[in-house]
Each structure stands twice: as structure tokens, then as C-alpha cells.
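Remarks on the structure that follows.
There are 2 protein chains.
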Amino acid sequence: MTSFQMSAKEDMVEKFLDAAARGDLTQVSSLLSLVPSLINQTGYSGWTALMLAARNGHLHVAEKLVSLGCDKSSVNSSSQTALDIAKFWGHRHIAGLLSQSEGSCRRILPGGDLSLQENYFGRETLDRLSGRRTDEVWLETKQKDLATVYLLFSNLSPMVSTPQEDSEGGDIKLCRFRYEAVKDLLQKPSTVLIFLGMEKMKSSSSSSSQTEEPPVWFAISTDEDAAELLRRCRENTCLFPKTPNRDLLKLSEEEAGVVAQARSVLAWHSRYSFCSTCGSSTHLEEAGYKRSCLNPECRSQRGVHNTCYPRVDPVVIMLVIHPDGNQCLLGRKKVFPAGMFSCLAGFVEPGEAIEEAVRREVEEESGVKVGPVQYVSCQPWPMPSNLMIGCLAVAVTTDIKVDEKEIEEARWFPRQQVIDSLFRGASPAFFVPPRQTIAHQLIKHWVGMNSNL
Amino acid sequence: MTSFQMSAKEDMVEKFLDAAARGDLTQVSSLLSLVPSLINQTGYSGWTALMLAARNGHLHVAEKLVSLGCDKSSVNSSSQTALDIAKFWGHRHIAGLLSQSEGSCRRILPGGDLSLQENYFGRETLDRLSGRRTDEVWLETKQKDLATVYLLFSNLSPMVSTPQEDSEGGDIKLCRFRYEAVKDLLQKPSTVLIFLGMEKMKSSSSSSSQTEEPPVWFAISTDEDAAELLRRCRENTCLFPKTPNRDLLKLSEEEAGVVAQARSVLAWHSRYSFCSTCGSSTHLEEAGYKRSCLNPECRSQRGVHNTCYPRVDPVVIMLVIHPDGNQCLLGRKKVFPAGMFSCLAGFVEPGEAIEEAVRREVEEESGVKVGPVQYVSCQPWPMPSNLMIGCLAVAVTTDIKVDEKEIEEARWFPRQQVIDSLFRGASPAFFVPPRQTIAHQLIKHWVGMNSNL
Chain A
1 MTSFQMSAKE DMVEKFLDAA ARGDLTQVSS LLSLVPSLIN QTGYSGWTAL MLAARNGHLH
61 VAEKLVSLGC DKSSVNSSSQ TALDIAKFWG HRHIAGLLSQ SEGSCRRILP GGDLSLQENY
121 FGRETLDRLS GRRTDEVWLE TKQKDLATVY LLFSNLSPMV STPQEDSEGG DIKLCRFRYE
181 AVKDLLQKPS TVLIFLGMEK MKSSSSSSSQ TEEPPVWFAI STDEDAAELL RRCRENTCLF
241 PKTPNRDLLK LSEEEAGVVA QARSVLAWHS RYSFCSTCGS STHLEEAGYK RSCLNPECRS
301 QRGVHNTCYP RVDPVVIMLV IHPDGNQCLL GRKKVFPAGM FSCLAGFVEP GEAIEEAVRR
361 EVEEESGVKV GPVQYVSCQP WPMPSNLMIG CLAVAVTTDI KVDEKEIEEA RWFPRQQVID
421 SLFRGASPAF FVPPRQTIAH QLIKHWVGMN SNL
Chain B
1 MTSFQMSAKE DMVEKFLDAA ARGDLTQVSS LLSLVPSLIN QTGYSGWTAL MLAARNGHLH
61 VAEKLVSLGC DKSSVNSSSQ TALDIAKFWG HRHIAGLLSQ SEGSCRRILP GGDLSLQENY
121 FGRETLDRLS GRRTDEVWLE TKQKDLATVY LLFSNLSPMV STPQEDSEGG DIKLCRFRYE
181 AVKDLLQKPS TVLIFLGMEK MKSSSSSSSQ TEEPPVWFAI STDEDAAELL RRCRENTCLF
241 PKTPNRDLLK LSEEEAGVVA QARSVLAWHS RYSFCSTCGS STHLEEAGYK RSCLNPECRS
301 QRGVHNTCYP RVDPVVIMLV IHPDGNQCLL GRKKVFPAGM FSCLAGFVEP GEAIEEAVRR
361 EVEEESGVKV GPVQYVSCQP WPMPSNLMIG CLAVAVTTDI KVDEKEIEEA RWFPRQQVID
421 SLFRGASPAF FVPPRQTIAH QLIKHWVGMN SNL
């Protein structure tokens with residue numbers, strides 16, 4: 001090829017990729033009919049047209065590319081497939097398309113791939129880079145890096161700003177600080193500093209050079225006066241939410257995932273600053289992921305002990321289905337808003353399997369006996385550090401007898417009533433928890449399972 | 001009917017049920033051809049012939065009864081179906097038969113019912129009766145009950161006896177004590193007493209009256225000299241196993257489940273006797289399931305805090321499958337016996353979903369990137385209190401780069417090599433962990449998935 005031809009080809013590839021990234025189906029189609037070999041061409045960092053369409057949520061372009069037989073398995077320079085990208089950016093319709101056509105995965109996992117289901121608090125936008133937690137030199141350099149992002153926590157609440165006209169995504173946004181704005185706090189002995197990780201992937205439209213490392217994130221917890229901390233922001237739309245159970249559900253999916261990690265680890269530090277084995281003080285290690293006893297005689301110094309590592313509490317949460325398949329069991333606690341019913345739930349006990357915990361909790365709380373149990377999906381719930389393990393369960397008895405210490409009322413609800421509540425707006429007499437909860441997602445999963453919703 | 005006819009019918013029902021319980025297929029068949037209505041007759045406590053066959057593992061009798069259309073859904077006076085009974089007693093072939101024919105369950109859970117998979121340490125023979133943990137009067141009465149069973153622990157090891165000629169099941173058996181034999185230990189302030197629960201179901205052949213409550217079980221942990229404790233047994237075949245990771249795998253399935261619960265809770269008491277929030281001493285409450293801080297000013301006294309409850313650490317353990325579907329990734333740690341390879345595994349971190357933990361751990365340990373993840377089954381692992389969450393995962397990259405801090409070697413193993421190792425006996429060059437581990441069961445699940453093994 002002459003240099004003119006090369007340049008013309010490069011131009012065309014660029015035009016084609018740009019059209020895919022913008023979702024311009026007409027241009028994508030006409031360029032492909034002109035030059036079919038464009039379909040698998042790559043641009044910056046090895047991104048294909050399919051990846052760009054997947055990144056930006058352009059389903060029709062993705063469908064067109066797949067229907068024309070594009071290579072779905074190729075990976076970019078970060079080893080991500082288009083499916084990875086669609087999942088990462090939360091474009092489930094595209095992820096569904098790409099995994100449907102992933103015949104090999106279906107063959108390998110005959111039970112079906114549920115791992116596409118992603119719940120609020122579950123998205124990982126940061127690579128935790130746990131190997132770096134003991135690399136003090138690297139961490140110190142990163143702390144001072146101009147691109148590094150700091151989140152500020154007070155009483156386990158992150159500083160957030162309330163919505164602006166042009167804001168995208170969630171109703172509230174995390175306040176992000178640079179090193180200069182927080183370096184005084186880092187000097188204070190009472191400050192807890194947690195390394196959260198490195199951004200997994202930059203936006204495909206990034207203009208920065210390929211060699212630059214993505215920014216890393218830290219969380220800072222400080223006992224400084226909250227009003228003082230808020231003065232660090234120029235806008236007066238900032239605050240520390242007071243009711244995490246409700247307010248932290250207003251973040252974007254991306255930020256919710258970061259908060260889940262940061263808040264759980266910080267809650268552990270706030271509750272576990274003394275050695276549970278001997279009562280001595282402990283000190284923070286490994287960038288916030290370990291606390292070691294300061295007493296050299298302590299048993300916890302010999303070998304590896306879970307006392308030194310963050311605690312995660314597994315909880316089972318289950319939608320119990322009536323033997324007739326057309327009703328589900330929901331209960332309500334006294335503290336729920338009037339009219340709200342949810343799935344039953346409870347902590348997994350020591351020495352107990354998930355399925356057994358489901359059977360025990362359902363019988364304890366409602367008197368209903370459960371047979372088959374099926375895992376559906378899970379959700380990290382940072383209040384303070386639960387792992388909600390979501391299951392469907394089929395009842396083998398139907399009489400309800402509630403344990404009034406646990407729940408106020410439990411009832412079988414017909415499928416149609418649940419569907420109405422989910423899709424036609426909640427009635428004050430009966431509604432379920434919001435979409436950010438795994439309870440909501442389990443209920444939605446069930447009503448969608450045997451119908452065409 | 002005359003009284004003679006009634007008695008003749010009762011005799012025949014009894015004969016029929018007895019034949020089913022003994023597994024006498026010839027007699028079951030001939031009685032049924034004589035009096036077909038016998039098929040759903042019930043005897044003691046509402047047990048049917050199918051339940052008795054399921055209880056005692058008589059597959060051929062169960063098949064005959066099912067093929068003749070017996071009622072599979074009827075329940076005994078403890079609300080158990082024949083399927084419940086088969087699962088409870090570990091007769092998986094019968095449980096498989098009964099759940100295969102349970103069309104309704106399959107319809108309700110279209111993904112298939114994996115909850116039949118039961119792993120070692122996962123069987124629950126005791127009803128934990130958590131509501132009784134705060135009932136001190138009831139607990140005290142039960143402590144002195146002649147039928148109550150006590151297990152003795154020293155340094156987190158249960159006292160066991162080594163095999164006798166006529167022993168059934170495991171290679172070692174728990175030593176069971178009555179109140180009289182341990183009442184001196186119960187008086188000691190250093191003794192930790194845990195309520196384990198009530199036996200779920202008595203053997204169907206029991207001759208005791210229906211009104212009698214089944215025995216309850218307690219675990220005692222004491223700091224008395226182990227040699228002294230062993231003198232409480234008449235036989236000199238008793239001991240406290242020294243290597244729990246290995247020795248506790250020699251119990252029967254029933255006893256392993258009890259030990260999983262007892263050891264996890266006792267390990268928590270041994271490591272968490274001080275308040276992690278303020279460093280003060282704590283005291284045991286709720287029959288061993290809570291520890292409260294003795295300092296009235298402590299924050300942990302206000303509201304509910306996880307610091308007061310036993311810790312359970314969720315761990316992901318996964319078999320990673322090659323994109324070609326015919327190889328799996330296994331790794332080995334330096335401490336493994338030479339030639340042993342196993343699934344990769346790691347703790348779930350705060351704010352992390354199960355599927356994300358699988359992807360992170362596999363990439364950290366082996367450098368392999370993982371796409372779809374599927375939950376298979378789980379296993380309580382009381383060393384000291386892990387919940388092993390077993391998954392299959394499909395790799396999207398295949399290059400291996402091990403993290404040498406974590407594992408020594410990782411390799412793709414062809415399916416046939418794994419099958420040979422599982423079913424034709426281990427070779428010293430390559431073998432997998434024993435059947436009691438969930439790693440073994442995941443591997444077996446995979447090799448059986450796409451073949452007729």
C-alpha cells in the first residue's frame with residue numbers, strides 16, 4: 001500500500017469506530033457494506049467497534065455488529081471483551097445480547113449464567129490491587145500523586161454533594177478531594193487511611209497517553225468536626241448523610257460500589273480497635289486491611305488469626321415460593337414503613353450451610369418449612385459489612401406462624417399483586433423495598449421467571 | 001368392618017410397612033399386588049412405606065413404590081416428606097429419584113435444584129432452636145436431663161474414640177457424655193458451655209412414646225488437663241485429635257455437622273473474649289451465641305453490634321474452567337502434600353460480591369481472567385469458622401502467572417487426567433483433596449457435568 005492508501009484506511013477505521021461509539025447505526029451499516037473488513041478493526045488500546053458500542057450502551061449497533069459476525073471474543077489492551085465492558089458499564093441489555101450469543105459459556109455452565117445479575121453496592125470500578133497494600137513506598141508515592149482521589153468520611157458517612165442541574169446518574173455524588181486538600185488530615189494520628197484501589201478502566205474516549213496509570217483512590221476517616229470538614233468544599237451543597245440505610249441508596253451504581261468497600265472497612269476499624277484475644281490496643285497495617293495486636297505476648301501474634309482481618313457477615317435473604325408456584329411469602333418488621341413487605345432474612349450461623357440457614361430462618365420467622373433452595377445473586381450491604389446471599393426457596397408447608405420477636409406479619413402474596421406493585425406503582429397498602437435492595441431484585445427475578453415480563 | 005377385619009387390615013399394613021423398612025422388595029411387591037390400596041397407608045407417626053424405604057436407603061423399594069404411583073408429597077407427623085427424609089439421612093440416590101419426579105419443584109426453580117448437594121460438615125442433625133437460647137429455665141432443665149448429650153472439647157478438639165469392630169460410618173466417633181459425667185466441669189467458671197440443639201428426628205424404628213421430646217446436645221470446652229479428661233472414659237481408645245484439618249475429616253457425616261457448629265462457636269469464644277470496641281472483658285450470653293461487654297459505657301452496649309455475635313468468614317472457592325471447556329485450573333500451595341492440587345480460594349473482602357471475589361482471587365493468584373461465575377454449593381469449614389462458597393468459573397484468558405506468595409504452582413489439567421485421578425485412584429504425581437472437601441466435590445461436579453460418569 002502507498003502511504004496515501006494507508007492513511008485513507010486509517011481514516012476510514014477511525015470514522016467507523018467513531019460511528020460505533022456515537023451509536024450512529026446508519027453510518028456503521030453503510031461503512032460496513034462498503035468495506036466489510038472494517039468489522040474487526042481496532043483503534044486506541046485495541047478497542048473494536050463492538051467494544052465501543054458496548055461501552056456507550058448502543059444496543060442497535062451492537063446487534064448489527066453481532067448479526068454480521070464480528071469477533072465477540074477479542075480483547076482490548078486491558079484484556080477485556082465487549083461483554084466485560086458492557087457488564088462493567090452496566091449496559092445489561094448489551095451484556096445479555098453478548099452472553100446469549102456466547103454459546104461456549106452456556107455449554108460450559110449448563111445451569112445458565114446468573115453472574116450478569118449485578119446488584120446495587122456490587123459494582124467494582126476499582127481494582128483492589130491487594131498486592132500493593134504492603135508496598136509502602138508505592139502507596140506513599142500514590143498518596144501524593146496529583147491524580148489521586150480521596151473520599152472523606154465522618155462517622156462512617158461519606159461527604160456527598162446534592163444534585164446539580166447537569167448531574168448524571170445518582171441523586172447524590174461523592175465529593176472527591178486531591179492530596180493538597182486533605183494533606184493536613186493525613187498527618188493527624190487519629191485519621192484512618194484506607195487504600196481502595198486503582199480505577200479499572202478509563203473511558204474509551206480518553207485522550208491521555210497509554211502509558212499513564214489510572215488514578216488510585218483512598219478513603220479517609222477523621223474525627224474532625226463535620227462542619228469544619230464541609231468548609232473544605234466551595235459549594236454549599238455538601239453534607240454527610242445522616243441515615244445511611246436510606247441516603248446511601250441515592251448514589252450512582254459506580255460510586256455505590258466504592259462506598260460499599262470503604263464504609264465496610266472503616267466500620268471495622270471503628271469497632272475493632274482493640275484486640276479481641278487479649279484486650280490490648282491494635283494498630284492499622286496493610287493500607288487498612290489488617291489490625292495487629294500491640295502486645296507481643298498475645299496469641300494472635302502466632303500464626304494467622306481472623307481477629308486481625310476485616311469482618312464480613314454472611315446473611316441469607318430469600319424469597320419463599322408457595323408450593324403452587326404462584327404466591328410468595330413476604331414479611332414485615334415493626335420498623336418498616338407502613339405497607340412495606342420484604343423477603344425474610346437472617347445471619348448465617350457458625351457451622352451452617354447457606355441452604356440450611358435459609359430453611360432455619362424461614363421456619364423460625366414464619367413457621368413455613370422449605371424444601372429446595374436456589375442461589376440467585378448476592379449484594380454487599382455496608383451497614384456495617386454484610387454479604388447478602390439471595391436465594392429462591394420452595395415451601396413444602398404453607399401455614400404461617402410468625403415469631404413476633406422477629407417480624408410483625410408474614411403473608412402469601414399472589415404473583416399478580418406483586419407484579420402490580422412492581423410495575424404499576426406502589427400502593428400505600430402494599431409495596432416492596434426499592435430497586436437498590438436485593439429483596440427487590442429477588443422478587444423481580446421471580447415474577448419475571450415464568451412470564452414474559 | 002368387623003373388629004376382626006380391622007385387626008387383619010392393621011396386621012397387613014404393619015407387615016407391608018415392615019417389608020418396606022427392611023428393603024424386602026419381593027414382599028412389598030406381592031403385598032401390593034394383593035392389596036394395591038396399601039401403597040399410601042401410614043403407620044407410626046404418619047410414616048408411609050416410601051418414607052421408611054427412604055429412611056433406610058432401600059432404592060429398589062422406593063423405585064417400585066414411585067413407579068406404582070404412590071403419594072410422594074405426603075408428610076409424616078414431623079411434616080417431612082420422603083424426600084426430606086432421604087436427604088436428611090444422606091441417601092442421595094433416593095433423594096435424586098424423588099426430586100427427579102418432583103415436577104413441581106423443577107417448574108418453580110427452572111435453574112435446577114442444586115440444594116441436594118450436601119458437603120461434609122454441612123449436615124444438620126440438630127434443630128438449633130435459637131428461640132430457646134434465652135430461655136434459662138428450659139436450658140437448666142435440659143442440662144440435667146438424663147437423655148441430654150454432652151460433647152467435650154479441649155483446645156478446640158472434641159474427644160473422640162477410635163474405631164471398634166462393629167462401628168458404622170466414620171473412622172472416629174464423638175465421645176458422648178451424660179450430665180452425671182460432666183456436672184463437675186459445669187461448675188467451673190472457666191468452662192464454656194454451648195447449646196447445640198435438639199435432635200431433629202428419631203430413627204423410624206424407635207419404640208419410645210410420641211410425646212417424649214428428642215434429646216438435646218451441648219458442647220463443653222474446658223481448660224482441664226487433657227489426660228485427666230480422658231480418664232472419664234472407660235475405654236482407652238479415646239483421644240483429642242491433634243490435627244483438626246485432617247483428623248476431623250474422619251467423622252460420620254452426622255457427627256461432622258455437629259462438630260462444625262460446636263467448634264466454630266468455641267473458636268469464637270477462645271479468640272473473642274475481650275471487647276474489640278473498648279478492650280474490656282466480655283461475658284457469655286444466650287447459651288453461647290452472644291458475648292456482651294462488661295463496661296457499661298461501651299458503645300457496643302447501644303444498639304445491635306456485630307462485635308457481640310459469632311464471626312463467620314465467607315470464602316470463595318472455585319474451579320476455573322478453560323474456555324475450551326475441557327481443562328480446569330488447579331493450584332498448589334507449598335504446604336500441600338507433594339502431588340496434591342486443588343481449587344483456588346480466598347476470603348471475600350468487605351463490600352465485595354461473591355462473583356467479584358472469584359474474579360479477583362483467580363486473577364491475583366494465577367493471572368487468569370474469569371468471565372461467568374456460577375454458584376454450585378457451599379460448606380461450613382470449622383477451621384475456625386469459614387463458610388466455603390463453591391463456584392464454577394469460566395476463564396476468558398489462559399496464560400498463567402502465579403503469585404508466589406499465595407501459591408507455588410498452577411496448571412491447566414485435562415478433564416481425562418482429572419477423571420483418572422478421581423476414579424482410578426490417585427497417582428503420587430497428581431491427586432486432588434479428599435471427598436470431604438468442597439474442592440473435591442466441585443471437581444467431581446465438573447467432570448460429571450458433561451459426561452455420563
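Protein chains in written order, with UniProt numbering: chain A, 1 to 453; chain B, 1 to 453. Ideal Cβ placement from N, Cα and C applies to all residues, glycine included.
Residue i burial status per 10 Å Cβ neighbour count (16 or more: buried)
i, result
"residue 369 of chain B", "buried"
"residue 435 of chain A", "exposed"
"residue 377 of chain A", "buried"
"residue 423 of chain A", "exposed"
"residue 187 of chain B", "exposed"
"residue 320 of chain A", "buried"
"residue 327 of chain A", "buried"
"residue 300 of chain A", "buried"
"residue 421 of chain A", "buried"
"residue 303 of chain A", "exposed"
"residue 149 of chain B", "buried"
Coil, strand or helix - residue i by DSSP
i, result
"residue 259 of chain A", "helix"
"residue 68 of chain A", "coil"
"residue 416 of chain B", "helix"
"residue 509 of chain B", "Summary: the structure shown does not reach residue 509 of chain B, with chain B confined to residues 1 through 453, and so no result is reported for it."
"residue 379 of chain A", "strand"
"residue 449 of chain B", "helix"
"residue 91 of chain B", "coil"
"residue 366 of chain A", "helix"
"residue 314 of chain B", "strand"
"residue 444 of chain B", "helix"
"residue 505 of chain A", "Residue 505 of chain A falls outside the range modelled here, since chain A spans only 1 to 453, and no answer is possible."
"residue 285 of chain A", "strand"
"residue 193 of chain A", "strand"
"residue 355 of chain B", "helix"
"residue 55 of chain A", "helix"
"residue 253 of chain A", "helix"
"residue 455 of chain A", "Any property of residue 455 of chain A remains undetermined from this structure, which presents chain A solely from 1 to 453."
Cβ separation of residue i and residue j, assumed to be a contact under 8 Å, to the nearest whole Å
i, j, result
"residue 367 of chain B", "residue 442 of chain B", "Contact flag wrong, Cβ pair sits at about 21 Å."
"residue 121 of chain B", "residue 220 of chain B", "Not confirmed; about 20 Å, so no contact."
"residue 46 of chain A", "residue 77 of chain A", "4 Å"
"residue 365 of chain B", "residue 402 of chain B", "7 Å"
"residue 347 of chain B", "residue 432 of chain B", "Contact flag wrong, Cβ pair sits at about 22 Å."
Alpha-carbon spacing of residue i relative to residue j, whole angstroms
i, j, result
"residue 199 of chain A", "residue 449 of chain A", "35 Å"
"residue 352 of chain B", "residue 68 of chain B", "50 Å"
"residue 159 of chain B", "residue 144 of chain A", "57 Å"
"residue 427 of chain A", "residue 330 of chain A", "16 Å"
"residue 334 of chain A", "residue 379 of chain A", "24 Å"
"residue 196 of chain A", "residue 250 of chain B", "42 Å"
"residue 395 of chain B", "residue 79 of chain A", "12 Å"
"residue 259 of chain A", "residue 142 of chain A", "20 Å"
"residue 482 of chain B", "residue 136 of chain B", "Outside the displayed range of chain B (1 to 453) lies residue 482 of chain B, so it cannot be described from this structure."
"residue 171 of chain B", "residue 162 of chain B", "7 Å"
"residue 231 of chain B", "residue 241 of chain B", "16 Å"
Beta-carbon proximity check, residue i vs residue j, cutoff 8 Å
i, j, result
"residue 388 of chain A", "residue 358 of chain A", "no"
"residue 19 of chain B", "residue 38 of chain B", "no"
"residue 315 of chain A", "residue 386 of chain A", "yes"
"residue 50 of chain B", "residue 82 of chain B", "yes"
"residue 263 of chain B", "residue 156 of chain B", "yes"
"residue 269 of chain A", "residue 192 of chain A", "yes"
"residue 185 of chain A", "residue 287 of chain A", "no"
"residue 298 of chain B", "residue 275 of chain B", "yes"
Proximity test, residue i beta-carbon vs the ligand SAM heavy atom, cut-off 7 Å
i, result
"residue 152 of chain A", "Although the ligand SAM was asked about, the structure shown includes no ligands whatsoever."
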